[in-house]
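Asker: Those letters in the sequence shown? Residues 0 to 90, per numbering that gives the first Met the number 0, in order. Glycine included, every Cβ here is placed at the ideal spot set by N, Cα and C. One structure, as structure tokens, below. Some questions next.
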Amino acid sequence: MPPTLTQLAEMAGVHPSHLLRAFRQQYHLTPGEFVRRLRIEEACRRLRSGQSTPLSVLALDLGFSDQSHFIRIFRSIVGVTPGAYRKMHPV
């Protein structure tokens, strides 16, 4: 589980709202959105690798609460479902 915004702010020695504002100015994303994008990038890499890992296992491996949440976030970022993405990138 990644650290919370409050934990990150404590590590950086700043208030959580300051960290959030600075992060958004720098990356144009919230820390949560940034972490979700990193998870989806890793999902894309694994799906392109030819591994036949079930999507439910992949979702849990990447820290999503369940397969439906993973599919919903994947589609919102990539534009297609993980299953369709896997078919588009055969090995």
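Can you name, in chain order, every residue of its own chain whose Cβ lies under 8 Å from the Cβ of residue 43, other than the five neighbours on each side?
Answerer: To locate residue 43, count along the sequence shown from 1; it is residue 44. Same-chain partners within the cutoff: 77, 84.
Asker: Can you check which of these residues, 63, 75, 73, 49, is closest to residue 89 by C-alpha distance?
Answerer: For the purposes of this step, residue 89 is taken as the residue at position 90 of the sequence shown. It is 49.
Asker: What are the start and end residues of the alpha helix (DSSP H) that includes residue 54?
Answerer: Mapped onto the sequence shown, residue 54 falls at position 55. Taken as a continuous stretch (DSSP letters only), the alpha helix (DSSP H) holding residue 54 covers 54-60.
Asker: Can you find the residues in the same chain that come closer than 7 Å, C-beta to C-beta, to residue 46, ignoring five residues on each side of it along the sequence?
Answerer: Here residue 46 is taken as the residue at index 47 of the sequence shown, counted from 1. Contacts found: 81, 84, 85, 88.
Asker: Among 54, 24, 35, whose alpha-carbon lies nearest the alpha-carbon of residue 1?
Answerer: In the sequence shown, counting from the first residue as 1, residue 1 sits at position 2. Answer by Cα proximity: 35.
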